[in-house]
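Student:
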Amino acid sequence: MLENIRFFAEMRGLTADEWQPSCIDILKFVGLDAFSDRRAGQLSGGEAQRVNLARAMVLEPQLLLLDEPFSALDPPTRSRLLDDLGALLSETATTTIFVTHDLGEAVQLNGQIAVIVGNRLRQVGTSDEVFNAPVDEEVAAFVGVETMIPGRVVGQKDGCVLVNATGIQLEAVGEVALGREVFFCLRPEDVTLWRGELSPASSARNRLNGTITRLIPQGPLVRVTVECRPPGAAMGFALVALVTRPSAQEMELAE
3 MLENIRFFAE MRGLTADEWQ PSCIDILKFV GLDAFSDRRA GQLSGGEAQR
53 VNLARAMVLE PQLLLLDEPF SALDPPTRSR LLDDLGALLS ETATTTIFVT
103 HDLGEAVQLN GQIAVIVGNR LRQVGTSDEV FNAPVDEEVA AFVGVETMIP
153 GRVVGQKDGC VLVNATGIQL EAVGEVALGR EVFFCLRPED VTLWRGELSP
203 ASSARNRLNG TITRLIPQGP LVRVTVECRP PGAAMGFALV ALVTRPSAQE
253 MELAE
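So the sequence shown is numbered by the numbering used here: it starts at 3 and just counts up by one.
1) Quick one: using the 10 Å Cβ neighbour count with 16 as the cut-off for buried, is M13 buried or exposed?
2) Could you give the C-beta distance for T246 and E229, rounded to a whole number, given that I count them as a contact under 8 angstroms?
3) Out of curiosity, what's the CA-to-CA distance linking C187 and N211?
4) Should M59 be labelled buried (16 or more other beta-carbon atoms within 10 Å of its own) or exposed?
5) Is it the case that the Cβ atoms of T98 and L66 are separated by a distance below 8 angstroms?
6) When burial is assigned at 16 or more other CB atoms within 10 Å of the CB, is T128 buried or exposed?
7) On the premise that G181 lies in contact with V163, defined as a C-beta separation below 8 angstroms, what is that separation, rounded to the nearest angstrom?
8) To the nearest angstrom, how far is the alpha carbon of T168 from that of M237?
9) Using alpha carbons as the reference points, say which of R57, V165 and E254 lies closest to G157.
10) Can you tell me which residues form a DSSP beta bridge with N134?
11) Measure the beta-carbon distance from L244 to R225 and round it to whole angstroms, keeping in mind my assumption that it falls under 8 angstroms.
12) Let me know the secondary structure DSSP gives F185 once reduced to three states.
13) So the beta strand (DSSP E) V165 belongs to, where does it begin and stop?
14) Among residues of its own chain, excluding the 5 on either side of G153, which ones have a beta-carbon nearer than 8 angstroms to its beta-carbon?
15) DSSP beta-bridge partners for G153?
16) Does Q251 come out as helix, strand or coil in the three-state DSSP assignment?
17) Could you give the first and the last residue of the continuous beta strand (DSSP E) run that contains P77?
18) Taking 8 angstroms as the cut-off, decide whether the C-beta atoms of A56 and L29 are in contact.
19) Helix, strand or coil: how does DSSP classify D104 here?
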């Protein structure tokens with residue numbers, strides 16, 4: 003493995019005195035210093051990706067491009083490598099462009115996020131900015147918002163706005179001009195389901211009645227679609243929530 007890195011470094015014109023010290027340090031950093039004598043065929047998928055990372059970092063690049071480097075790995079290995087990569091990039095202060103379709107990877111690396119939709123750069127910001135304040139419906143859908151309800155701002159109170167959405171009044175944190183048309187966006191993981199009367203002590207800002215129209219098991223979770231409609235209203239909206247399997251069983255959720 004060390005010879006593999008040596009060959010790559012020397013192909014780029016580096017001498018042993020230039021590449022060897024930093025190579026050993028990087029191998030230690032990514033946890034592969036004990037594997038330096040192994041051949042490529044003896045490495046696991048995760049170890050091979052660590053070698054690729056070390057091989058790139060030994061050149062001390064000013065800019066590093068990583069195009070979905072961990073997409074073929076199992077989730078636990080991918081998560082560990084992301085942790086290692088984040089620590090390494092922080093330690094070396096290397097500017098990196100990390101291309102991914104996995105929202106979890108983007109959040110875990112905790113850098114600036116650029117969202118490209120339809121070959122156009124749509125939004126750049128921190129993970130909080132992009133995930134909590136998407137600039138439009140397409141970016142919202144791309145970052146995992148499944149419930150988008152069109153409405154109009156009809157009131158303001160204590161740093162919150164009141165939105166009339168298909169006859170239902172909803173409250174959200176923010177400052178938006180009265181009369182402005184908006185989309186009220188909800189992530190499935192931010193929706194809490196409750197059967198019966200909700201406790202007055204609950205911190206839930208918006209409480210809606212609804213009917214379950216679909217249940218889809220997804221591994222340890224269950225995706226629940228709820229139709230919310232005010233009494234007597236001609237139309238309402240669908241709300242998507244994620245709950246754990248034990249919670250779904252305990253509440254006896256059913257279509």
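By construction, the Cβ of each residue, glycine as well, lies at the ideal position given by its N, Cα and C atoms.
Tutor: In brief:
1) exposed
2) Actually they do not touch by this definition, with Cβ atoms about 22 angstroms apart.
3) 18 angstroms
4) buried
5) yes
6) exposed
7) That belief does not hold up - the Cβ atoms of V163 and G181 are roughly 11 angstroms apart, past 8 angstroms.
8) 7 angstroms
9) V165
10) According to DSSP, N134 bridges with nothing at all.
11) 6 angstroms
12) strand
13) C162 to A167
14) V165, N166, A167, T168, L172, E183, V184, F185 and F186
15) V184
16) helix
17) No beta strand (DSSP E) holds P77; the alpha helix (DSSP H) holding it covers P77 to T94.
18) yes
19) coil
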